[in-house]
Amino acid sequence: MKRFYALIAISLFTCIKVLAQSSDLQLAQQYNLNGEQQKAFDIYQKLYKQDNENYFSYYVNSLIGLKKFDEAESITKKLLRKHPADYQYTIALGRIYREQGNTAKADEAYDNLVKNLPADQGIIGNLAAQFYQSENADYAIKIFLQGRKLLHNDQLYALELISLYRYKRDKEALTNEYLNFLPANPGYLNQAENIFATAYEGEGDYNVLKFELLKRIQKQPEATIYADLLTWQYMQQKQYDQALNQALALSRRRNDKGSSIYDLSRTLASLGAYDEAIRGYNFILEGTKDDPFYIPSKIDLIDVKNQKITSGKYTEADLLGLEQDYLSLLNEFGRNGSTAFAMQKLANLQAFKLHKYKDAEKLLLETINIAGTRPGTVSSSKLDLGDIYLMDNQPWEATLIYSQVEKANPGTPVGQDATFRNAKLAYYTGDFVWAKGQLDVLKAATSQLIANDALNLSLMITDNTTFDTTGNALRMYARADLWIFKEQPQKALITLDSIDKKYPGNSLADDILMARARIYIQQKDYQTAITALKQIAETHKFDLWADDAVYMLGDIYDNQLNDKAQAKTYYQKIITDYPGSLWINEARKRFRLLRGDKPDSSS
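Residues -20 to -1, 1 to 583 (mature numbering (1 follows the signal peptide of the UniProt record, and there is no 0)) are what the sequence shown spells out, left to right.
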């Protein structure tokens, strides 16, 4: 029984001791965080005297931090003599030498470890990890490379080396390591692309990758992963024609029925590379109608042609030809769930560009009533139909169908979009009180775009009804806004010109300038739009549209006129002059890109 109580007492004492040590360790770490190194050192020294080996790393790091190198060297050598096979002491000794400035002595100790490395995969990995933890990535790499030689396997430790090369920003080694690794591990292709995109700093880096890829493709033509990566490389350098050529050759080799080309063509279209996207879709259409991507490609091809035509100057004949393409597609494949998307696109073309409202309404009603059509397509088609009713002077029909979508999608972005369109309808028709009530609710919408638009429209109504309680000038402006929505710019401009004549002294000066800018942008008349936007930015710098005008100037110079220096000036103006702007995050991101920052850098 006495022995039993003695064991309990010993166990209890041990637990108390461990808990005390743990508490002391936490306190020392807190002292270090607070910059009180001497207080931390006193605790580490006490713990080290109680248990040399468990607290060695804490104590020796503290000694190094206080530049007590002789004592650090002495205790490390003592434990190294006691445990000659434990590599942590050799690594610690080398670190002490390095901190003293004696790199030759440190390298001698480390090189000796590399030279006498055992052919044991686990020990090699553990030793390299110790070097990395000691902030010595160079020797961690040497250990892994020597381990490959000893174990006669060049694929070992690939992911570890990739991490180390990335840490060291050694782009050449990182590239080669991935290129060696990928053929046997194609599932890591996306990871490689993401890391290259982060690590590479310009055209020179991508050219090095291209050279390596072309060299390997010649040596290993069966390794199609290199061809995939080469396509990605061309895309990164915006060499879209080359990217498509490479992808077409690869698709033919794989006989993949155009699946890779379909995805690439959609990407090309989203980047505005319309000609290359059209060529990609046409390649798929050279196959049979039974191929899985034949019908989607046929639909998307017409959609890309639509984007290409409407993104530039176009004629009535261009639009009618496009309409005929859509009609031919529907005649060939029928009007069903697979072609509902094309029906919706055709209806928008007919309504907004050709002003064939009745044809568009009929087509959308047919789309909505197709059995099995996806709920998302039904909702978006109903929203489009509501817009067309509005343009066709049927506001009651428009508000009914917007309300249907709102009721069917409560609390969702689609439902909030329907609410916003109902509020705009009220604004267009002069019911500003009801419109503002809806807009104020939408300022908290989950969709940031809807919230921003609702806030702007609500503020505009407030600004222009506070002193003009009749709201007559704003009603005329809303009619002009509706003409802009209908894409009938001449009628909109005539209405805008009439506001000052009929209601002199109104408070709509900056709103009228912004409306004009939107019309000129719609007409691709960017220089005239710039004139209006600059007038807002310079003479209405504290009004509602000031930050919008500045951001739009940056966007036009950036994406339409390719004047990056001017674009950068206006993006920076948002950052410095309008820090509370809704555009601040996007302006900051674009400014950093134009300045040449890497994606993870700060402004």
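Virtual Cβ for every residue (Gly too), placed ideally from N, Cα, C.
Beta-carbon separation (whole angstroms), residue i vs residue j, contact threshold 8 Å
i           : j           : result
residue 230 : residue 207 : 5 Å
residue 435 : residue 423 : 5 Å
residue 141 : residue 157 : 5 Å
residue 567 : residue 554 : 4 Å
residue 374 : residue 344 : About 13 Å separates the two Cβ atoms, so there is no contact after all.
residue 316 : residue 350 : 6 Å
residue 474 : residue 509 : With a Cβ gap of about 18 Å, residue 474 and residue 509 do not count as contacting.
residue 534 : residue 547 : 5 Å
residue 366 : residue 378 : 5 Å
8 Å Cβ cutoff met for residue i and residue j
i           : j           : result
residue 263 : residue 228 : yes
residue 99  : residue 70  : no
residue 490 : residue 464 : no
residue 363 : residue 329 : no
residue 73  : residue 48  : no
residue 385 : residue 359 : yes
residue 277 : residue 294 : no
residue 183 : residue 226 : no
residue 341 : residue 381 : no
residue 479 : residue 492 : yes
residue 476 : residue 497 : no
residue 448 : residue 524 : no
residue 134 : residue 160 : yes
residue 271 : residue 246 : no
residue 213 : residue 194 : no
residue 249 : residue 287 : yes
residue 322 : residue 334 : no
residue 39  : residue 28  : yes
Neighbourhood of residue i by C-beta, 6 Å cutoff - its chain only, sequence neighbours within 5 removed
i           : result
residue 419 : 403, 434, 437 and 438
residue 291 : none
residue 565 : none
residue 305 : 282
residue -6  : Low local confidence applies: a pLDDT of 44 at residue -6 is under 50, so the model's placement there is unreliable, with the coordinate-based value given in what follows. Answer for residue -6: no residue qualifies.
residue -4  : For residue -4, the predicted structure reports a pLDDT of 44, less than 50, and the residue's modelled location is therefore unreliable. A value from the coordinates is still provided. Nothing listed; no residue qualifies.
residue 532 : 513
residue 339 : 330
residue -19 : Confidence is the limiting factor: at residue -19 the pLDDT is only 48, short of 50, which leaves the residue's position unreliable and the question unanswerable from this model.
residue 59  : 69
residue 543 : 537
residue 77  : 85 and 86
residue 530 : 517, 550, 553 and 554
residue 298 : 289
Cβ shell of residue i (< 7 Å), same chain only, five flanking positions each side left out
i           : result
residue 313 : 275 and 319
residue 503 : 469
residue 94  : 122, 123 and 126
residue 43  : 51 and 52
residue 446 : none
residue 399 : 386, 418 and 422
residue 120 : 108, 111, 112 and 144
residue 215 : 223
residue 337 : 331, 368, 371 and 372
residue 507 : none
Sequence-distant residues of its chain with Cβ nearer than 8 Å to residue i (five each side left out)
i           : result
residue 9   : 20
residue 441 : 407, 412, 415, 416, 419 and 454
residue 205 : 162, 163, 166 and 169
residue 146 : 154, 175 and 179
Where the alpha helix (DSSP H) containing residue i begins and where it ends
i           : result
residue 105 : 101 to 113
residue 558 : Premise fails: residue 558 is in no alpha helix (DSSP H) and is neither H nor E.
residue 425 : It is not in any alpha helix (DSSP H) - residue 425 carries neither H nor E in the DSSP assignment.
residue 499 : 489 to 502
residue 21  : 17 to 30
residue 173 : 169 to 179
residue 199 : 183 to 199
residue 213 : 204 to 216
residue 395 : 393 to 408
residue 383 : 375 to 388
residue 350 : Note, residue 350: premise wrong, no alpha helix (DSSP H); not H, not E.
residue 467 : No alpha helix (DSSP H) contains residue 467, which DSSP labels as neither H nor E.
residue 253 : Counting along the chain, residue 253 falls outside any alpha helix (DSSP H), and DSSP gives it neither H nor E.
residue 127 : 117 to 131
residue 38  : 36 to 45
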